[in-house]
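Number of protein chains: 2
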Amino acid sequence: MNLVATLSAIVGSDHVLVEAAAIAPYLIDWRKRYQGSAQAVVRPANAREVAQVVAACANAGTPMVPQGGNTGLVGGSTPDASGKMVVISLQRMNRVRAIDCDNDTITVEAGCVLQAVQQAARENGRLFPLSLAAEGTATIGGNLATNAGGTQVLRYGNTRELTLGLEVVLASGEIWDGLRALRKDNTGYDLKQIFIGSEGTLGIITAATLKLFPLPRAQVTAFAAVASLAAAARLLDLARAGAGAGLTAFEVMSAGCIRRTVTELPRVRAPLPLASPWFVLLELSDHEDETHAARVLETILSGAIDAGMVQDSVVAASIEQSQALWRIREGIPEAHAKAGGNVKHDIALPVSAIPAFVEETNAQLSARFPWIEPAVFGHLGDGNLHYNMGTSAGTPIAVAFEHEHEINRIVHAAVAARGGSISAEHGIGQLKRAVLPEYKSALELKLMHQIKETLDPHGLMNPGKLL
Amino acid sequence: MNLVATLSAIVGSDHVLVEAAAIAPYLIDWRKRYQGSAQAVVRPANAREVAQVVAACANAGTPMVPQGGNTGLVGGSTPDASGKMVVISLQRMNRVRAIDCDNDTITVEAGCVLQAVQQAARENGRLFPLSLAAEGTATIGGNLATNAGGTQVLRYGNTRELTLGLEVVLASGEIWDGLRALRKDNTGYDLKQIFIGSEGTLGIITAATLKLFPLPRAQVTAFAAVASLAAAARLLDLARAGAGAGLTAFEVMSAGCIRRTVTELPRVRAPLPLASPWFVLLELSDHEDETHAARVLETILSGAIDAGMVQDSVVAASIEQSQALWRIREGIPEAHAKAGGNVKHDIALPVSAIPAFVEETNAQLSARFPWIEPAVFGHLGDGNLHYNMGTSAGTPIAVAFEHEHEINRIVHAAVAARGGSISAEHGIGQLKRAVLPEYKSALELKLMHQIKETLDPHGLMNPGKLL
Chain H
3 MNLVATLSAI VGSDHVLVEA AAIAPYLIDW RKRYQGSAQA VVRPANAREV AQVVAACANA
63 GTPMVPQGGN TGLVGGSTPD ASGKMVVISL QRMNRVRAID CDNDTITVEA GCVLQAVQQA
123 ARENGRLFPL SLAAEGTATI GGNLATNAGG TQVLRYGNTR ELTLGLEVVL ASGEIWDGLR
183 ALRKDNTGYD LKQIFIGSEG TLGIITAATL KLFPLPRAQV TAFAAVASLA AAARLLDLAR
243 AGAGAGLTAF EVMSAGCIRR TVTELPRVRA PLPLASPWFV LLELSDHEDE THAARVLETI
303 LSGAIDAGMV QDSVVAASIE QSQALWRIRE GIPEAHAKAG GNVKHDIALP VSAIPAFVEE
363 TNAQLSARFP WIEPAVFGHL GDGNLHYNMG TSAGTPIAVA FEHEHEINRI VHAAVAARGG
423 SISAEHGIGQ LKRAVLPEYK SALELKLMHQ IKETLDPHGL MNPGKLL
Chain V
3 MNLVATLSAI VGSDHVLVEA AAIAPYLIDW RKRYQGSAQA VVRPANAREV AQVVAACANA
63 GTPMVPQGGN TGLVGGSTPD ASGKMVVISL QRMNRVRAID CDNDTITVEA GCVLQAVQQA
123 ARENGRLFPL SLAAEGTATI GGNLATNAGG TQVLRYGNTR ELTLGLEVVL ASGEIWDGLR
183 ALRKDNTGYD LKQIFIGSEG TLGIITAATL KLFPLPRAQV TAFAAVASLA AAARLLDLAR
243 AGAGAGLTAF EVMSAGCIRR TVTELPRVRA PLPLASPWFV LLELSDHEDE THAARVLETI
303 LSGAIDAGMV QDSVVAASIE QSQALWRIRE GIPEAHAKAG GNVKHDIALP VSAIPAFVEE
363 TNAQLSARFP WIEPAVFGHL GDGNLHYNMG TSAGTPIAVA FEHEHEINRI VHAAVAARGG
423 SISAEHGIGQ LKRAVLPEYK SALELKLMHQ IKETLDPHGL MNPGKLL
């Protein structure tokens, strides 16, 4: 029996796709940079079927590519061009297996769309805080495989910090049931941590037990103009001191980003004159009420204005106004895409290193490429910037792409020199695989390869990604 | 050159102890249950020396036992009786290497005493929240090796969640520099997670970069009488809904525990009549002020009283009163020790499973041992109970110890049946090593052994512990 027949016997022939038209959407990544090919796309219904599919592929020596919502930004979930790989789509595994409000946990299958997890929590009076642009399509399995970040990391952490337990199908086809719902468990190596963020290269995550939180009773949002990134960092410190964990978002964006967004997206308006070089979007979540939240925010902002950190500010007076402020921040990637895209970097640095990094790297890039125009925004509270480079008026964006490799090298070298990360939240996938050895020590790479060889000795789990 | 001479050449002969009197304190654990023996105790001054010591021991085929403050409760940091092992004490490595307030991080060497780390943070207007009974002696390296918990886990997480980066001397004698100060870094497997909680069996942690937090401006504490653990769990839910992350401690204790503590420790007084079976200690931390904190606490308590969750309560009106309330909770282990000790279990369960677990397991134990008297307290907010068993008046505690093995089996079986952990925060060490295979799946144990063999192929790192 050939592999496709074996797979059909496991999942049913309806769930083994081989026709070119049927498999096409699974072969190309979200940004349409990586076009692959595959023997088949298999859509198992449960962990047992995943285990049998993995065992069958392993038996045939066939490499496997796990795929969730296929919204990744680094080509981590699409196959190579060989046509030999099998894509294992987790999308049919979309059940909420259990929700335990008294323990503040939810157990979901890997193919659950992130928004569905958020909604299941909310229907039970709980918050699942992971939130990111692709949440309507991205699956929790993909979020786990890439340790997704998003806009609430400042308060709630990355996907890793939200995870209590995992169920994983190993490269051997065995199912590891690590679905614990415990906040403390010191009975040996914390195996789930090895799989989180491993981009499908060590096994296939089939389910997870995740933390829930009480729903805040109020959220207030403000938009503040600041003279510099250093001033933004001081405002962050003041806001954390004044609100503690109540500070649930602290996003920064350059005036240029906002200008571009307002121009490209008619639904977006600038809430303040764009007279400052940088703007901050702050969000406070509160467990008391709107009045209290507004008072805390007001105290922070007036302190910041008195201290000269903030030049101008506006506080959303309603949910609609708050959404309008968030639309600016969330519209930035779309606005830049409409304008032809730019050369992107998803970097992390110590927050203390960010002001000098941006100033010095901007200067270095401008000196080398006089036409360059930075479009910088991101999660300042997490030290995570989307440090993207476009072109100034009159220079087509194609010029930036021609120099993409050199721009990347300059940016990544500046990041590495300051102890930063060349991939804060998007992962490595295919996009940064070739450059990873330049920014990791040989010893760290050796350890990673040792782990890989231990857990996937035949190298069949998502080969060509990450390592 | 023999090993002791080689070690002396590395660290200086003053720092290689071989005399019986000098090495004695390093050979017995905190609870004085594990008396070992050793070739020598080595006290390296820095990571380079640790690396050379490890390489020398590896070269000689000599097993190594890393040791910090030697306050562990499971015999994880003392040598076996063979006399062949070398104890590597990290206590001389007690420097704070760096503190970065703008990034809210501190980098410390493994031998820093926990209290010194807390203090360095406080002197810089920051909070390092890890807090536990042995903090005046325990070192951060030991906290990392055991993924220590403590009283602030509810808000800030275990030691694992407080860690951004590690420096580790591997079994090969190589130094892995993973000292990153980043809140987001998705560039491959998160290697630090493998070493945290591995109890020295995979390498020796020599330094760490840890998260800091803004100092709360006020803390308020209350003591509440509840009719049942189920009522305590409902109070927890109400307090989380009303205070969010402001709820920084939620400790539960039985009336019996308090009675014993008041009897044994003259410095401790009961703040309420001990007319209820259970009591809760709640602490709220606030970034506004004392008045606001008191108002939030009052709202929670009056809601709980109205809903019938709380039968009686007292709020500390001063720091002294708050300390007096904490003295009750913190005095429990000492009071029981004075009274002859008891049979201890450090267990974790889903919070939702705790009321039935305690009721049913108490009943099961009483049916088997009519003289048994439970002494239960712990971190209810984390699902972590110190589920300890003493004897009722008239039965000497020695009777309980005679049946320790059977008591453990009954308790651990009840924990396992409800998806719990037999070691929530103390680890496995020597104490639970033999029983671990009964409560872990064969597959999970196999994965742990594979990791162990990959990172410590000759089995020289703290053998006889954990695995």
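Heads up: the protein sequence lines correspond to chains H and V, in order. The first sequence begins at 3 in this note's numbering and counts up by one. The second sequence begins at 3 in this note's numbering and counts up by one. Glycine included, C-beta positions come from ideal geometry on N, C-alpha and C.
Output the distance between the C-alpha atoms of residue i and residue j, rounded to the nearest integer angstrom.
i      : j      : result
G342/V : L168/H : 41 Å
A209/V : G151/V : 19 Å
I101/V : H451/V : 37 Å
A365/H : T203/V : 48 Å
W373/H : A235/H : 28 Å
G85/V  : Q154/H : 52 Å
A257/V : S278/V : 7 Å
F225/V : A135/V : 20 Å
G392/V : L166/V : 40 Å
L438/V : A23/H  : 52 Å
I399/V : L286/V : 37 Å
L75/H  : R33/H  : 7 Å
Can a CB atom of chain H be found closer than 9 Å to the CB of residue i?
i      : result
S91/V  : no
Q452/V : yes
G466/V : no
P372/V : no
Y389/V : no
R242/V : yes
Interface residues of chain V around residue i at Cβ under 7 Å?
i      : result
G151/H : K186
A58/H  : Under the 7 Å cutoff, chain V gives no residues; its nearest Cβ is about 19 Å from A58/H.
L462/H : By Cβ distance, chain V contributes nothing, its closest Cβ being about 17 Å from L462/H, past 7 Å.
Would you mind telling me which residues of chain H sit closer than 8 Å to residue i, beta carbon to beta carbon, in chain order?
i      : result
N105/V : P352, V353, S354, A355, G385
T141/V : Under the 8 Å cutoff, chain H gives no residues; its nearest Cβ is about 17 Å from T141/V.
A235/V : D104
P482/V : As shown, chain V starts at 3 and ends at 469. That puts residue 482/V outside it, with no answer to give.
Counting C-beta neighbours from all protein chains within 10 Å, is the total for residue i 16 or more, i.e. buried, or is it exposed?
i      : result
G302/H : In the sequence on display, residue 302/H carries Ile and not Gly. Label assigned to I302/H: buried.
M95/H  : buried
V353/H : buried
T73/H  : buried
H388/V : buried
S394/H : exposed
T148/V : buried
M3/V   : exposed
D458/H : buried
Chain V beta carbons: is any one of them nearer than 9 Å to that of residue i?
i      : result
F215/H : yes
V98/H  : no
E292/H : no
G202/H : no
E163/H : yes
V298/H : yes
K346/H : no
L433/H : no
I108/H : no
E176/H : yes
For residue i, return the contacting residues in chain V, with the cut-off set at a CB-CB distance below 8 Å.
i      : result
H428/H : N188
R182/H : G421, S423
L438/H : T189, G190
Given the structure, does residue i come close to the ligand NAP, in the sense that its CB is under 8 Å from one of the ligand's heavy atoms?
i      : result
F371/H : Among the components of this structure there are no ligands whatsoever, and the ligand NAP is therefore not found.
Within a Cβ cutoff of 6 Å, which residues of the same chain sit near residue i, ignoring the five residues on either side of it in sequence?
i      : result
A296/V : V222
A57/V  : G175
G78/V  : E201, G429, G431, K467
A62/V  : L5
If the cut is a Cβ gap below 9 Å, which residues of chain H does residue i touch?
i      : result
D179/V : S443, L445, E446
V155/V : R185, K186
E266/V : Simply none; closest approach about 27 Å.
R261/V : By Cβ distance, chain H contributes nothing, its closest Cβ being about 27 Å from R261/V, past 9 Å.
Going along chain H in order, which residues have a C-beta closer than 7 Å to the C-beta of residue i?
i      : result
A245/V : H289
Starting from the C-beta of residue i, find all residues in its chain whose C-beta is less than 8 Å away, skip the five residues before and the five after it, and write them out in chain order.
i      : result
I356/H : L231, A235, L382, G385, L387
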